[in-house]
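Undergrad: Take a look at the following structure, please.
Chains as they are written, first to last, in the numbering used here: chain A, 60 to 823; chain B, 6 to 135.
Set out below in structure tokens:
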């Protein structure tokens, strides 16, 4: 109850703060500035208290709250229990609001030093305000009787919660969403600075305070994306690190826009150009966060993805659309009206200049982002065109981004070798020569032996060139001032990552194998032996497999378990990391020979009903349960109940078989019946109806003997698994990490620059 | 200034054509069995698993076979490369991605399962103590 009230209080204080800040911008009254600041800090305090209350409700298992009941349970360990804070839609909006508010405190201090406080904080406060409105619409503090009025008595508290989806019960769940949402929250800052710049009619200076935030946002969001990829690869068993799923794309697109913005802003710092482009890109980073949120949270994608997209209800749907419209209109209209007064510096556009390379690179990144967002929006587009939702195939993303990837690789190399404004052509060719020749040689080797696809070979060339050129540049910078190495380090990471993409996807080997217990099997040069399973974490089972290659032993233990939450089999792969490659084992099923479940089909039959099973027709005639047996059962003696079945094969007359259940000393034993040595019938359940005999039903397990014979020639269990060898996958991970280190170096340097400038200004 | 805008414009137009072409080519349409049989493209086939017919995994070929009934009541055999997907047994509906083969079965590369009721809480579950 108190939580809901706190959200409303925060909404009101935030509204007052936004209005005060805005009026201060118009009128410049000092008391208004003070009011804006005070009410913003009050908002933050209230949002933090709300979150604390929310966390308290979760930790103390207050299941009378719908959210707590829906996502947590008493059995969860504390870290996972805390993570249920953001397991559902309401909670994840809460987390987003919390991070936005906290970032706002730092932004307030930072922007006030730069003289941007009223403008930046009125815009950033508006973001906070709309998130708070979302929390009022999607209230995380609803009681169960408010969620289902009339169906649940007021004051009812369920004994336990539904629990957390086992797919999310993982340490990544504890950290990944937090990183991702801090990234989303940071993307609001460049937007706020861009709009503030237009409010102040200052089109050049805003980029200095905005840059560290932008690079920081790209760093955090990039880390979040990488963690998501690793989560999918290592635990969810998707087989790869990237699946072009809407959820993944929706974090990638804002990140790509932020990367494009970083490059063109760098260009504006040096040459003064791209003022309009930078305003647009900085705003688009945040608008893309909003649009992506809309795609994944509004239910518009429907059935087109592996993820279930829950419909959040009409109000939340329109609020999301309202947010996108409001923030696009604010930014778009201001940019349009100010377009004439934004200065166009007299830049000589030399094609041999670094700014031109940066411009091309940013255009390629934006084009890739646009292709991806169009593909992700395909259910909406196809619904408008054909009236039916459908998604694009994964191949669309590869086809469209591959040519752009080639261009990006080449530019990442050339751009670093070019000078600002203009470069000497001869000088350029001279520095280009070494990396270009080396990259061409490398590509020629790779192409000749392994890859025969032209575009992929070009992509390898681009990546190799970027790698060599940037190593050359980085070595030179490290001799001077390593602080300036951020850019070239990031580009080295990019190149390594690109090489990793090709290596891990083109040389990926896959094979499905059936491992009989205790019997070594050869598979892609590895010897695999399934040794048995052991229980882990209570209800899960780890299937131990020894992997041997060239005398080296590795042990992997993929996990399978039945989840009552999902009513299905859950599978987690296991990986042996061999530095140059990963051996990846994803379990599929365990075929057990005693009544192996996989080859058994269960059929339910009403009395007199006929159904086709495999190649036979099965009719349930009646139960075989003579009167004297009934008497025996009442006396507690041994009983035999049979089910009379008429079986008709493709040819020949129907045959009557009678599988039975024998109840002896309180235990039941199956007496299977066999038809022509091909099918075996077992009674799996009996549902006699005493009142109306014709409604009696029986469930028969039908086993195809020919099928199970082929699978179980050996004794013991058979583990079916998909084994794959993923070479150089470590290149992808190390590439991403190097890339992020580059961002980190740049963030620190830009932040230091900003504070150095302040110190020197103070001295003056 | 002029030639630069022309060249830039041409590049943008080319990219739009390239993008729309790729989009149309790789758009995987939702369809029923009759529609999937007519098309030779990759499609998404929506329907329900016919639980009365056999569904089995062949460990030798590593294929999972089941029968799918679409909304019109038509049914066809689906052969999936790989094992039964998670939640297959309790899915309210399944979506198979793939194409029809000349042998008369639907060859799927991917099968998605939908169990919406499992993710949306129902008030009837409140009393369950699990």
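Backbone N, C-alpha and C fix where the C-beta goes; we use that ideal spot for every residue, glycine too.
Rounded to a whole number of angstroms, what is the C-alpha to C-alpha distance between residue 13(B) and residue 19(B)?
TA: If I take the Cα positions, the gap works out to 10 Å.
Undergrad: Quick one: what's got a C-beta closer than 8 Å to residue 612(A)'s C-beta in the same chain, skipping five residues either side?
TA: The answer, listed in chain order, is 605, 606.
Undergrad: Note down, in chain order, all residues in the region 7-36 of chain B with a beta-carbon under 8 Å from any beta-carbon belonging to chain A.
TA: Answer set for the region 7-36 of chain B: 9, 20, 23, 24, 27, 28, 30, 31, 32, 33, 34, 35.
Undergrad: Could you please tell me which residues of the region 429-451 of chain A, in chain order, have their CB closer than 9 Å to any CB of chain B?
TA: Per Cβ criterion, the list reads 429, 430, 433, 434, 437, 440, 441, 445, 447, 448, 449, 450, 451.
Undergrad: Name, going along the chain, the residues of the region 191-213 of chain A whose beta-carbon falls closer than 7 Å to a beta-carbon of chain B.
TA: Residues 203, 207, 210, 211.
Undergrad: Would you mind working out which of 87(A), 180(A), 145(A), 676(A) sits nearest residue 100(A), comparing C-alpha positions?
TA: For residue 100(A), the nearest C-alpha among the options comes from 180(A).
Undergrad: Under 8 Å between C-beta atoms, does residue 67(B) make it to chain A?
TA: Answer yes: the Cβ-Cβ gap between residue 67(B) and chain A drops below 8 Å somewhere.
Undergrad: Residues in the same chain with beta-carbon distance under 8 Å from residue 23(A), minus the five sequence neighbours each way, listed in chain order, please.
TA: Outside the modelled stretch of chain A, which goes from 60 to 823, sits residue 23(A), for which no answer is possible.
Undergrad: Hey, how far is the Cα of residue 192(A) from the Cα of residue 70(A)?
TA: So the alpha carbons of these two residues sit roughly 7 Å apart.
Undergrad: Return the first residue and the last residue of the beta strand (DSSP E) that residue 462(A) is part of.
TA: From DSSP, residue 462(A) is part of no beta strand (DSSP E) but of the alpha helix (DSSP H) over 453-476.
Undergrad: Where does residue 93(B) fall in DSSP's three states?
TA: In the structure shown, residue 93(B) sits in a helix (DSSP, three-state: H, G or I).
Undergrad: Does the region 408-419 of chain A come close enough to the region 278-297 of chain A that 3 or more CB-CB pairs lie under 8 Å?
TA: No: fewer than three Cβ pairs fall under 8 Å.
Undergrad: Cβ closer than 8 Å: which chain B residues qualify as neighbours of residue 824(A)?
TA: For residue 824(A) there is no data in the structure shown, the boundaries of chain A being 60 and 823.
Undergrad: Would you grab the beta carbon distance between residue 557(A) and residue 533(A) for me? Rounded to a whole angstrom, and I think it's under 8 Å.
TA: About 17 Å; that fails the 8 Å criterion.
Undergrad: How would you call residue 43(A), buried or exposed, if buried means at least 16 neighbouring beta carbons within 10 angstroms?
TA: Chain A is shown from 60 up to 823; residue 43(A) falls before or after that span and cannot be answered.
Undergrad: Looking at C-beta atoms only, is the number of pairs between the region 580-598 of chain A and the region 780-799 of chain A that lie closer than 8 Å three or more?
TA: Output reads yes: the region 780-799 of chain A touches the region 580-598 of chain A.
Undergrad: Do you know whose CA, among 162(A), 501(A), 428(A), 90(A), lies nearest residue 314(A)'s CA?
TA: Of the listed residues, the one whose Cα sits closest to residue 314(A) is 428(A).
Undergrad: Starting from the beta carbon of residue 738(A), find every residue of chain D whose beta carbon is closer than 8 Å, and list them in chain order.
TA: In the structure shown, chain D cannot be found, because the protein chains are A and B.
Undergrad: Please report the Cβ distance between residue 221(A) and residue 301(A), rounded to the nearest whole angstrom; I am assuming they are in contact, meaning their Cβ atoms lie under 8 Å.
TA: Contact doesn't hold; Cβ gap of about 31 Å is too wide.
Undergrad: Using the C-alpha atoms, what's the distance from residue 178(A) back to residue 255(A)?
TA: Between residue 255(A) and residue 178(A), the C-alpha separation is close to 5 Å.
Undergrad: Residue range of the alpha helix (DSSP H) that residue 594(A) falls in?
TA: Where residue 594(A) is concerned, there is no enclosing alpha helix (DSSP H), although the beta strand (DSSP E) it sits in stretches over 585-595.
Undergrad: Secondary structure at residue 62(A), three-state DSSP: helix, strand or coil?
TA: Three-state result, residue 62(A): helix.
Undergrad: Using three-state DSSP, classify residue 246(A) as helix, strand or coil.
TA: Of the three classes helix, strand and coil, the one that applies to residue 246(A) here is coil, per DSSP.
Undergrad: If we define contact as Cβ-Cβ less than 8 Å, is residue 571(A) a contact residue for chain B?
TA: With 8 Å as the cut-off, residue 571(A) counts as an interface residue toward chain B.
Undergrad: Could you name the residues of chain A that residue 57(B) contacts, counting a contact when the two beta carbons are closer than 9 Å?
TA: Under the 9 Å cutoff, chain A gives 660, 662, 663, 670, 671, 672.
Undergrad: Name the chain A residues whose beta carbon is nearer than 7 Å to that of residue 47(B)?
TA: Within chain A, the residues near residue 47(B) are 452.
Undergrad: In the DSSP assignment, find the unbroken beta strand (DSSP E) run with residue 226(A) in it and report its ends.
TA: From DSSP, residue 226(A) is part of no beta strand (DSSP E); its letter is neither H nor E.
Undergrad: Chain B partners of residue 350(A), CB-CB under 7 Å?
TA: Under the 7 Å cutoff, chain B gives no residues; its nearest Cβ is about 18 Å from residue 350(A).
Undergrad: Tell me where the alpha helix (DSSP H) around residue 439(A) begins and ends.
TA: Where residue 439(A) is concerned, the enclosing alpha helix (DSSP H) stretches over 437-445.
Undergrad: Give the DSSP-derived three-state secondary structure of residue 98(B) in the structure shown.
TA: Reduced to three states, the DSSP call for residue 98(B) is strand.
Undergrad: Using three-state DSSP, classify residue 23(B) as helix, strand or coil.
TA: Looking at residue 23(B) - three-state DSSP - the assignment turns out to be helix.
Undergrad: Compare the C-beta of residue 101(B) with all C-beta atoms of chain A and state if any pair is closer than 8 Å.
TA: Cβ-Cβ to chain A under 8 Å: no for residue 101(B).
Undergrad: Leaving aside the five residues before and after residue 716(A) along the sequence, list all residues of the same chain whose C-beta is less than 7 Å from its C-beta, in chain order.
TA: Closer than 7 Å at the Cβ level, and outside the excluded window around residue 716(A), lie 704, 706, 732, 734, 740.
Undergrad: How long is the line joining the alpha carbons of residue 276(A) and residue 262(A), rounded to whole angstroms?
TA: Using only the alpha carbons, I get a separation of about 21 Å.
Undergrad: Counting only C-beta atoms, is residue 131(B) closer than 8 Å to chain A at any point?
TA: Chain A contact via Cβ: present.
Undergrad: Taking DSSP as the reference, what is the three-state secondary structure of residue 401(A)?
TA: Reduced to three states, the DSSP call for residue 401(A) is coil.
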